[in-house]
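Just so we're aligned, residue 1 is where the sequence shown starts under the working numbering, counting upward by one. Think of the CB as a built atom: it goes at the ideal place given N, C-alpha and C, for glycine as much as any other residue.
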Amino acid sequence: MQRLIWWLRRDFRLTDNTALTAALTDAASVIPVFILDDTLLKLPRTQGYRTAWLMDALRRFDADLRASGGCLIIRRGDPAEQLVTLCAEADAAGVYFNRDYSGYATKRDQAVRGALTRQGYLVRDFKDLVIHEAAEVTTSTGKGYEVYTRYRNAWSMLPKPDPLPVPTDLSCLIAPADLHSDPLPDPSQFDAAPQPICATGEAEALRRLDYFIDGLAFRYRDQRDLPAVDGTSILSPYLRWGMISPRTCYTASIEAMHAAQHQEQRENVGTWIGELVWREFNYQILARHPHIVRRAFRPVYDNIQWRNDPQLFALWQQGQTGFPIVDAAMRQLNATGWMHNRARMIAASFLVKDLLIDWRWGEGYFMQRLLDGEVANNAGNWQWVAGTGTDASPYFRIFNPTTQSEKFDPTGAYIRHWVPELRAVPDAHIHRPAGMLPMEQAQCGVQIGKDYPAPIVDHAEQREHVMALYGAARQRG
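Shown next, in the form of structure tokens:
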């Protein structure tokens, strides 16, 4: 039988991997390959925590392969050139890979397909990153959905594929002994998260899924908005890099549904399934509208005259805004490479609608810091908050950071964890520490304006300003 190359991009797992399973079926020998794409590595958006985490993931995956007698071949350069060269060097019949949907990924994969087929090599790609691709979930006229609830209803009606079985024999995942592998970049080249929210690897992803499904899933709807509570799966980094598949997650959630003891538990699990559907909704929007990273989905909002104050932006990045819930969120991001979803909404809304800064500035910073940063969901979520996207929160819906804090972090536990300057502040003032009298500040060991910043803007005033900005853009549009 033939030899094939398995080109990994966002699928660092052996379990339920479509391209790998197909390659193992079709070939006697399969060579796992990852290509360090210089075009991506040079982008500012890829210079942050996510790339450092990726390098660790590659080392761990190579170790997993070596434990089975194989190894991961690393090459650096243009993917099309490197894969043609590898096919020739390894005497491989072709390349198998799982599809990706960003604008860059689509163009890259087209170039790879063209280069390989011109040289007579076989190319096969597979659906793996999502359960249903954009073309599978359409209206009666064949159009894509732009409203989440309608998409979810259509998505839910489709039959779901079962996860693929774990390969029983991995001994053929081996490269020729003389096949060169480039070294991975030194980790010091990349800015790594000081306290990563989670470890890399397929085993850790599966362990975390089991932990979530065994208990937290039954309380997910009730706890998911509380940033101080361990109430979410934290599977997003693993889904982003394919250390676990969406099929595996969905199947586990259905099993949890069957195991639920009453309707409330089933509803909690159903809410988490809804988050898996949101992920797929964002992917199909990206596939149909790749411009959403650079421009508003609704063109009228490209007319907004943002203030874009660099000093205010820096204070937001550093978690020094004087709004405790916002600062806690940003410090969590900067420390761990992850941020609770409710905190993401609050921090994003504050940047856009309190600081009057273009959502793309925030989207770019999140991409540098988030371990789970991916184009579809990051851009989709930012446009939702900004009110510029498909099925977005209305532009006039403006989160009040203080009331959000009071509602979702009522005891201030999340704030106190990430903003230690405020740990001794009593509950009555934890959401508005600037409201303390000087004597009260002295009693809890914090001087507002010195130890912790005073609010950098007035929320009520900024609300009026942002409403005017959006209104003017709509008039010009």
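In terms of CA proximity to aspartate 26, Ala92 leads the group Thr46, Cys249, Ala92. Straight through space, the alpha carbons of proline 401 and proline 394 are spaced by roughly 17 angstroms. Closest option to alanine 260, judged by alpha-carbon separation, among Leu286, Phe297, Phe218, Met467: Phe218. Taken atom to atom, the span from the alpha-carbon of isoleucine 31 to that of alanine 203 is near 21 angstroms. Residue state for serine 236 is assigned as helix, using DSSP reduced to three classes. Contact between the region 103-116 and the region 72-82 is established, with three or more Cβ pairs separated by less than 8 angstroms.
Counted as a single uninterrupted DSSP element, the beta strand (DSSP E) harbouring arginine 75 occupies residues 73-76. Setting aside the 5 residues that flank it on each side, glutamate 421 is surrounded in the same chain by Val446, Asp451, Tyr452, each with a C-beta closer than 6 angstroms to its C-beta; the list follows chain order. In this structure arginine 108 is buried. Its beta-carbon is surrounded by 16 or more other beta-carbon atoms within 10 angstroms. According to DSSP, valine 95 shares a beta bridge with Ile5, Val123. Taking a contact to require three or more Cβ pairs closer than 8 angstroms, the region 263-271 and the region 354-368 do not qualify as touching. Residue burial is scored here from C-beta neighbours: phenylalanine 350 has at least 16 other C-beta atoms within 10 angstroms and is therefore classed as buried. Alanine 193 sits away from glycine 319, with the two beta carbons spaced by 8 angstroms or more. Cα atoms of aspartate 64 and leucine 370: separation of roughly 25 angstroms, rounded to the nearest angstrom.
With a cutoff of 8 angstroms on beta-carbon distance, isoleucine 304 and tyrosine 470 are scored as near each other. For phenylalanine 396, no pairing in a beta bridge is given by DSSP.
When DSSP states are grouped into helix, strand and coil, proline 161 belongs to the coil group.
The straight-line gap separating the alpha-carbon atoms of leucine 54 and alanine 379 is approximately 20 angstroms. Spatial neighbours of aspartate 372 in its own chain (CB-CB distance under 6 angstroms, excluding positions within 5 residues in sequence) are listed in chain order as Ser236, Pro237, Arg240. For valine 33, the uninterrupted beta strand (DSSP E) run begins and ends at 27-36, by DSSP. Excluding residues up to 5 positions away in sequence, Met1, Gln2, Arg3, Cys172 lie with their Cβ nearer than 8 angstroms to the Cβ of alanine 28 in the same chain.
Per DSSP, the continuous alpha helix (DSSP H) segment holding lysine 407 begins and ends at 401-408.
Aspartate 162 is positioned such that its CB atom lies no closer than 8 angstroms to that of asparagine 17. Taking a contact to require three or more Cβ pairs closer than 8 angstroms, the region 286-304 and the region 169-188 do not qualify as touching. Residue pairing by DSSP places isoleucine 448 opposite Tyr452 in a beta bridge. The C-alpha of isoleucine 74 lies about 14 angstroms from the C-alpha of aspartate 186.
Contact annotation, valine 277 with arginine 152: C-beta distance approximately 5 angstroms; criterion of less than 8 angstroms satisfied. Three or more Cβ pairs drawn from the region 408-424 and the region 320-335 lie within less than 8 angstroms of each other, which places the two stretches in contact.
Rounded to the nearest angstrom, the gap between the Cα atoms of alanine 335 and proline 196 is 7 angstroms. Annotated three-state conformation of alanine 192 is coil, per DSSP. The C-alpha of methionine 436 is placed about 49 angstroms away from the C-alpha of serine 245.
The Cβ-Cβ distance between leucine 122 and glycine 144 does not fall below 8 angstroms. Between the C-alpha atoms of leucine 20 and phenylalanine 212 there is a straight-line separation of about 27 angstroms.
Taking every protein chain shown into account, the CB of asparagine 282 has 16 or more other CB atoms within 10 angstroms, so this residue is buried. The residues Phe297, Gln383, in chain order, have a CB closer than 6 angstroms to that of glycine 389 in the same chain once the five nearest residues on each side in sequence are set aside. Between the beta-carbon of leucine 356 and that of tryptophan 316 there is about 11 angstroms, and that puts the pair past the 8 angstroms contact cut.
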